[in-house]
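For the sequence shown, position 42 matches number 41 in numbering that gives the first Met the number 0, and the numbering has no gaps at all.
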Amino acid sequence: MGKKDKKRIKDLVGICGIYCGTCPKYLAPRDRDTAFLEKTSRESGLPLEKIRCDGCLSDNVYPSCRDCRHGFRRCAEEHGVTWCFQCLEFPCSRLRSFLPIHVVNGVSHHARLIEELEYLKAHGIEKWVEKQEKAGSCPACGKALYWYARECPACRFPIETPSVENRR
0 MGKKDKKRIK
10 DLVGICGIYC
20 GTCPKYLAPR
30 DRDTAFLEKT
40 SRESGLPLEK
50 IRCDGCLSDN
60 VYPSCRDCRH
70 GFRRCAEEHG
80 VTWCFQCLEF
90 PCSRLRSFLP
100 IHVVNGVSHH
110 ARLIEELEYL
120 KAHGIEKWVE
130 KQEKAGSCPA
140 CGKALYWYAR
150 ECPACRFPIE
160 TPSVENRR
C-alpha cells in the first residue's frame, strides 16, 4: 500500500471513532447521489460543489464535522492526540454523551464508538477500516452503504441489521 493510500485510509478514521467511509457526505459525491446532494444543499444553504467531505482527518472536511459541535476536534488538539482512544481520559463523558445522538431510520451510528475505538487501538487502522468496509457494504452486491441504510440503493437488497449495529 502506497503512502497516498495510507493517508486516504487514515483520513477516513474519525477522531471520535466514526468511520467516514460510509458517511453520506463522503459517499454521495462519489456515487453521484443527486437527490441526497440537492436535499443537503437546500437544508444547509451550501452550494452543491461544497457538499463533499474526504474524511475527518483530510484537508477537505464537511463544515459540520470541521466545526464539530461536540468538541472532539478541539479536545483531541488540547490533549495532543489524533483519536479519542489515545487520550488518558478515554472513554470520557464527552464521548459517552455522544453515543445516543443522531438517530436516522432507527439507527444510531454513534452507538458503538467506544467499542470501535477499542478495536482500533487493539488492531490498528488498516484492520479497523477493513472491518468497517465489510460491515458497511451490501451483503448481496458489495456496494458501500450509508450509515443508516435499510436497503441497498444499487440492488435493493434489504438491510435488516443496519451496518452500524452490525460491527462486531
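Here a beta-carbon is modelled for each residue, glycine too, at the ideal position from N, C-alpha and C.
(message) So, with DSSP's three-state summary, where would you put Y25?
(response) The three-state reading of DSSP puts Y25 in helix, counting H, G and I together.
(message) According to DSSP, V12 sits in a beta bridge with which residue or residues?
(response) Paired residues: Y18.
(request) Would you kindly check if the distance between the Cβ of V12 and the Cβ of L119 is under 8 Å? (result) A contact, by the Cβ cut-off of 8 Å.
(message) Could you check whether I14 and A110 sit closer than 8 Å to each other, using their CB atoms as the reference points?
(response) Contact flag unset, no.
(request) Determine the extent of the alpha helix (DSSP H) in which Y118 is found, giving its start and end residues. (result) Note, Y118: alpha helix (DSSP H), 112-122.
(request) Sort A153, K6, C91 by Cα distance to R31 and report the nearest one. (result) Measuring from the Cα of R31, the nearest candidate turns out to be A153.
(message) Using a 10 Å radius around the Cβ and a threshold of 16 neighbouring Cβ atoms, would you call I158 buried or exposed?
(response) With 16 or more other Cβ atoms within 10 Å, it is buried.
(message) Quick check: what's the CA-CA separation for R93 versus Y18?
(response) Straight-line Cα distance between these residues: approximately 18 Å.
(request) Out of P90, L112, C91, point me to the one whose CA is closest to I100's CA. (result) Answer by Cα proximity: L112.
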